[in-house]
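Numbers in the working numbering are just positions in the sequence shown, counted from 1, shifted up by 122. Built from N, CA and C at the ideal position, the CB exists for glycine as well. This one's a predicted model, so the numbers in the text were calculated from it and none came from an experiment. Everything on this sheet refers to the single structure shown next.
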Amino acid sequence: MVNRKLSHAEISANRAKPETLHQVEKMPVVVLLDSIRSSYNVGSVFRTSDGAMIEKLYLCGYTPTPPVKDIMKTALGATESVMWEWVENPEEVVKKYREKGYKIAALELTETSIKYSEIETGNFPLLFIIGNEIKGVNQALLDLCDFTIEIPQYGIKQSLNVAVAYGIAVYEMRKKFDEASGRD
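Right under this line is the structure:
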């Protein structure tokens, strides 16, 4: 059988254990969620962040925080494996990480956005800003960015669900990070 499905036990045997998670090298990406409305989107971002093994997640503005039931449902335990913090002022987070040498980027359509596939490994470490489902990233945060990233749209709708867009972008970053680090 060429495509035998792995059992839950086989999958579990190959994943990081909570007690050793702090020893696992994280991708040098910190994510800032700015006023995300949907608890389901927040939970999905947690789960995707765990899969991509980011450094930390910041929840800002009116973004719901764990242990909101819908976050916990979609995160499936990732609120325990992803370091996170709620902060009132996202601009302070941006300034803090800029001082640490991080590049600052947002997932947003702007006049100068680059395609998500064009991000370069020289842009790590990176603080990556994800904005509100309706309004996007606020202009005050965009003004602090070194660059913005977009995901090209080919249909009638000119946007994706924020959690889906985040997943596409962060896994492209993971791919670039792994290639630069000599991983498969």
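Where does E230 land, buried or exposed, given buried means 16+ other C-beta within 10 angstroms?
The residue labelled residue 230 in the question sits at position 108 within the sequence shown. By the neighbour-count rule (16 or more Cβ atoms within 10 Å), E230 is buried.
Between which residues of its own chain and S171 is the CB-CB distance below 8 Å, once the five residues before and five after are set aside?
Position 49 of the sequence shown, counting from 1, holds the residue named residue 171. Taken in chain order, the residues that qualify are V153, L179, A200, V204, V292.
Ignoring anything shorter than 3 residues, give me the beta strand (DSSP E) runs that lie fully in the segment 161 to 206, in order along the chain.
176 to 182, all fully within the segment 161 to 206.
Measure the CB-CB distance between I290 and F269 and report whether it falls below 9 Å.
For the purposes of this step, residue 290 is identified with residue 168 of the sequence shown, where counting begins at 1. For the purposes of this step, residue 269 is identified with residue 147 of the sequence shown, where counting begins at 1. Not in contact: I290 and F269 (Cβ atoms no closer than 9 Å).
Could you say which of A285, E141, D300 lies nearest to E202 if we only look at CA atoms?
The count along the sequence shown starts at 1 and reaches residue 202 at position 80. Minimum Cα distance to E202 is reached at E141.
Considering only the alpha carbon of each residue, which of L249, D156, A131 lies closest to E255?
Locating residue 255 in the sequence shown gives position 133, where the first residue counts as 1. Closest by alpha carbon: D156.
Which one or two residues does DSSP pair with W124 in a beta bridge?
The residue you call residue 124 lines up with position 2 of the sequence shown. Just to set this straight, residue 124 is Val in the shown sequence, not Trp. V124 pairs with nothing; no bridge assigned.
So, for A197: in the same chain, excluding its five sequence neighbours on each side, which residues have a beta-carbon less than 6 Å away from its beta-carbon?
For the purposes of this step, residue 197 is taken as the residue at position 75 of the sequence shown. Excluding residues within five positions, the ones whose Cβ falls inside 6 Å are G165, F168, R169.
Would the beta-carbon of V286 fall within 9 Å of that of I251?
Reading the sequence shown from its first residue, position 164 is the one you call residue 286. Reading the sequence shown from its first residue, position 129 is the one you call residue 251. No, they are not a contact pair.
T270 by DSSP, collapsed to three states: which one?
Walking along the sequence shown from the start, residue 270 turns up at place 148. Here T270 sits in strand by DSSP.
Judging by CA-CA distance, which residue of A138, S161, E213 is the nearest neighbour of Q261?
In the sequence shown, the residue the question calls residue 261 occupies position 139. Here the closest residue by C-alpha is E213.
With a threshold of 6 Å on Cβ separation, who are the neighbours of E210 within its own chain once the five nearest residues in sequence on each side are excluded?
For the purposes of this step, residue 210 is taken as residue 88 along the sequence shown, with counting starting at 1. Closer than 6 Å at Cβ, skipping near neighbours: no residue.
What is the DSSP secondary structure of I133, counted as helix, strand or coil?
Taking the first residue of the sequence shown as 1, we reach residue 133 at position 11. The answer is helix: DSSP assigns I133 an H, G or I state.
One question on the structure: do V151 and A174 come within less than 9 Å of each other, judged by their Cβ atoms?
For the purposes of this step, residue 151 is identified with residue 29 of the sequence shown, where counting begins at 1. For the purposes of this step, residue 174 is identified with residue 52 of the sequence shown, where counting begins at 1. In this structure, A174 lies closer than 9 Å to V151 by Cβ.
What residues match up with L143 in a beta bridge as DSSP calls it?
If you number the sequence shown from 1, residue 143 lands on position 21. Partner(s): none; L143 has no beta bridge.
Which one or two residues does DSSP pair with N254 in a beta bridge?
Locating residue 254 in the sequence shown gives position 132, counting from the first residue. Paired residue(s): G258.
On a CA-only basis, which of E294, R220, A138, D192 is nearest S239? Give me that one, please.
Within the sequence shown, the letter at position 117 stands for residue 239. Selected option, being the one with the closest Cα: E294.
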